[in-house]
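Trainee: Terminal number for the sequence shown in this note's numbering: 354, no gaps in between. Dropping the structure in here first, questions after.
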Amino acid sequence: MKTSKQRSGVSRRTLIQGAAAIAGTAALGRTGDALAQSKGKIVVGTWGGDYARLLNKNIEQPHLIANGWEVVQDQAGDPQRRAKMLAERRLPRGTSDVQGLSALNMYQMFEVGLTDEIDYSKLKNAKNLLPSMKYKYGIGHIYSGKVAVYNPNVLKTAPTSYKDVFDPKHGNNLGIIDIQYQYTLVAAALAAGGGVTDMDGAKKLLLEVRKAGARIYPTNEAFAQGLKADEFGVGVMWKARTVQWQDAGINVKSVTPAEGALAYTSGFVIPKNAPNKEGSYAYLDAMMEKSAQEAFAVDMGYNPTVTNAVVAPERNERIGFTQEQIAKLVDMDFGFMTDHDVELKEWWDKDFKT
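Have a look at this one:
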């Protein structure tokens, strides 16, 4: 995997102010009954919905609860959970043992001193972890790539690159997802021929496609409904989500862009003040179990992050990438995106969307 430079000079003030401004807290929801001879309780901060359900089905029930652990899920959006971690930073004991975050957010929480460096010697399954998923500040659980997606009913010629997707000639046949502004900006930077930090090129191109009539959808789900209704023909999305849409009967196809697909990784970190560090490492190890990783590939369409997981060839063809495509996966510059997130979001809302 190609990795971009990740600077350590992140503005802690920016991160703390941004997270502290987020309102809302998460309610703790218990998954599964505590066993009579429990090894202890593991509190897992995670998103809700299908991901939470599949964590319970594929990791918690078979590999933790069955072995005597009690697992409690603290379900909320990642902004709310990051804000909660910040609010608890001075407490000797926090309220969570592991937190599920994107690779970008894992990096940010480590940079402001909220999470531990991972001790891989405590993880028996770490020997199977892909090197690109072995962060010092967290472990990649699942990954996918940002690919070109298109509806063949609307777009007769398949795109081959980000440049093809972000072509003003598409007019209102181009759909863009509002909540994915960070990844859209970076994909547009690559489409404009620049690197992952070339925001001037990205902004210029995005203003051109917006002027030409590009549609903006608020969420991934709204984007999917637009594809289903033949409202537009082309855009960018995670390959895994495209597979889910295909399984739901939506007429959509995907193409790995020639520039290299922008990678998305979801993983887990350990808060510095986690009350049960033994449980934290038990969860990370269970997450990397071969059967758990294989089940997520089937249930959610994301790629395993361990080398011993076996995915059926037909399934792998739909969700995976060739060795050449894996070598060309592109990471964000996490430090750059952190430093510039406030100004980029302001530009997106005030200049691009209006």
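We put the beta carbon where it would ideally sit given N, CA and C, even for glycine.
According to DSSP, which residues form a beta bridge with A148?
Mentor: Partner(s): V236 and V255.
Trainee: For K211, report the span of its alpha helix (DSSP H) as first-last.
Mentor: Element bounds for K211: M199 to K211.
Trainee: Is it a yes or a no for the stretch 180-195 touching the stretch 318-327, going by three-plus beta-carbon pairs under 8 Å?
Mentor: Cβ pair count under 8 Å is below three, so no.
Trainee: May I have the straight-line CA-CA distance separating H340 from F334, to the nearest angstrom?
Mentor: Whole-angstrom Cα-Cα distance: 10 Å.
Trainee: If you draw a straight line from the alpha carbon of D200 to that of Y137, how long is it in whole angstroms?
Mentor: So the two alpha carbons sit approximately 30 Å from each other.
Trainee: Of the choices P313, L174 and M287, whose alpha-carbon is the least far from that of V306?
Mentor: Checking every option, the nearest Cα to that of V306 belongs to M287.
Trainee: Do three or more CB pairs link the stretch 96-104 to the stretch 129-149 at distances below 8 Å?
Mentor: As far as the Cβ criterion goes, the stretch 96-104 touches the stretch 129-149, which means the pair count is three or higher.
Trainee: Where do the ends of the beta strand (DSSP E) carrying Y302 lie?
Mentor: Element bounds for Y302: n/a, residue is neither H nor E.
Trainee: Is Q225 buried or exposed, if buried means 16 or more other CB atoms sit within 10 Å of its CB?
Mentor: Its Cβ having fewer than 16 others within 10 Å, Q225 is exposed.
Trainee: To which residues of the same chain is V147 closer than 8 Å at the C-beta, ignoring the five residues directly before and after it?
Mentor: Hits under 8 Å: V236, M237, W238, K239, T242, S254, V255, T256, P257 and A261.
Trainee: Could you pull out every residue in the same chain whose Cβ sits closer than 8 Å to the Cβ of Y264, ignoring the five residues on either side in sequence?
Mentor: Excluding sequence neighbours, Y264 sits near S102, A103, Y143, S144, G145, K146, Y183 and W238.
Trainee: For G194, which of G40, R53 and M332 has the nearest alpha-carbon?
Mentor: Considering only alpha carbons, the answer is M332.
Trainee: From A189 to K204, what does the alpha carbon distance come to, in whole angstroms?
Mentor: Going by the C-alpha atoms only, they are around 9 Å apart.
Trainee: In the DSSP assignment, what residue or residues form a beta bridge with V135?
Mentor: The amino acid occupying residue 135 in the given sequence is Tyr; Val does not appear at that position. Bridge partners of Y135: G138.
Trainee: Beta-carbon within less than 6 Å of K163's beta-carbon, same chain only, minus the 5 sequence neighbours each way: which residues are those?
Mentor: A191.
Trainee: Hey, how far is the Cα of I42 from the Cα of K127?
Mentor: When rounded, the distance between both Cα atoms is 23 Å.
Trainee: Rounding to the nearest angstrom, what Cα-Cα distance links T31 and V298 in this structure?
Mentor: At T31, the pLDDT of 42 sits below 50, so the modelled position is not reliable and the matter cannot be decided from this model.
Trainee: What is the rounded straight-line gap between the Cα of V72 and the Cα of N125?
Mentor: Looking at the two C-alpha atoms, the distance is approximately 23 Å.
Trainee: Using 8 Å as the threshold, is the C-beta distance between V44 and Y283 below it?
Mentor: Yes, the Cβ-Cβ distance between V44 and Y283 is below 8 Å.
Trainee: Skipping 5 residues on each side, what residues in its chain have a beta carbon closer than 6 Å to that of G279?
Mentor: The residues are G40, I42 and D97.
Trainee: Just reading off the alpha helix (DSSP H) that T184 is part of, what are its end residues?
Mentor: Its alpha helix (DSSP H) spans residues Y181 to A191.
Trainee: State buried or exposed for T354, treating a residue as buried only when at least 16 other CB atoms are found within 10 Å of its CB.
Mentor: Exposed, by the Cβ-count rule.
Trainee: Give the DSSP-derived three-state secondary structure of T46 in the structure shown.
Mentor: Correct three-state label for T46: strand.
Trainee: On the criterion of 16 or more Cβ atoms from any shown chain inside 10 Å, does D167 qualify as buried, or is it exposed?
Mentor: D167 should be labelled buried.
Trainee: Compute the Euclidean distance between the alpha carbons of Q80 and P304, then round it to the nearest angstrom.
Mentor: For Q80 and P304, the distance between alpha carbons rounds to 27 Å.
Trainee: Nearest to I250 by CA position, among A76, E231 and R210, is which residue?
Mentor: Closest option to I250, Cα to Cα, is E231.
Trainee: Between V342 and V234, which are expected to be in contact by the criterion C-beta below 8 Å, what is the C-beta distance as a whole number of angstroms?
Mentor: Between V234 and V342 the Cβ distance is about 30 Å, and since that is not below 8 Å, they are no contact.
Trainee: How many angstroms separate the CA atom of V311 from the CA atom of E294?
Mentor: Cα-Cα distance, rounded: 6 Å.
Trainee: At a threshold of 7 Å, does A295 count as lining the ligand SAH (C-beta to nearest heavy atom)?
Mentor: The ligand content of the structure shown is nil, which means the ligand SAH is not present either.
Trainee: Taking DSSP's pairing of strands, which residues face V269 in a bridge?
Mentor: Paired residue(s): Q99.
Trainee: Please identify the residue among N151, Y281, I326 and K272 whose C-alpha is closest to the C-alpha of M85.
Mentor: That would be K272, whose Cα lies nearest to the Cα of M85.
Trainee: According to DSSP, is G320 part of a helix, a strand, or is it coil?
Mentor: Looking at G320 - three-state DSSP - the assignment turns out to be coil, as it is neither helix nor strand.
Trainee: Tell me whether R315 sits in a helix, a strand or coil according to DSSP, three-state version.
Mentor: Three-state result, R315: helix.
Trainee: Leaving out five residues before and five after E88 in sequence, what residues of the same chain have Cβ atoms less than 6 Å from its Cβ?
Mentor: Cβ within range, chain order: G94.
Trainee: Compute the Euclidean distance between the alpha carbons of S38 and D50, then round it to the nearest angstrom.
Mentor: Spanning the two alpha carbons is a distance of roughly 26 Å.
Trainee: Answer with buried or exposed for A202, where buried requires no fewer than 16 other C-beta atoms within 10 angstroms of its C-beta.
Mentor: By the neighbour-count rule (16 or more Cβ atoms within 10 Å), A202 is buried.
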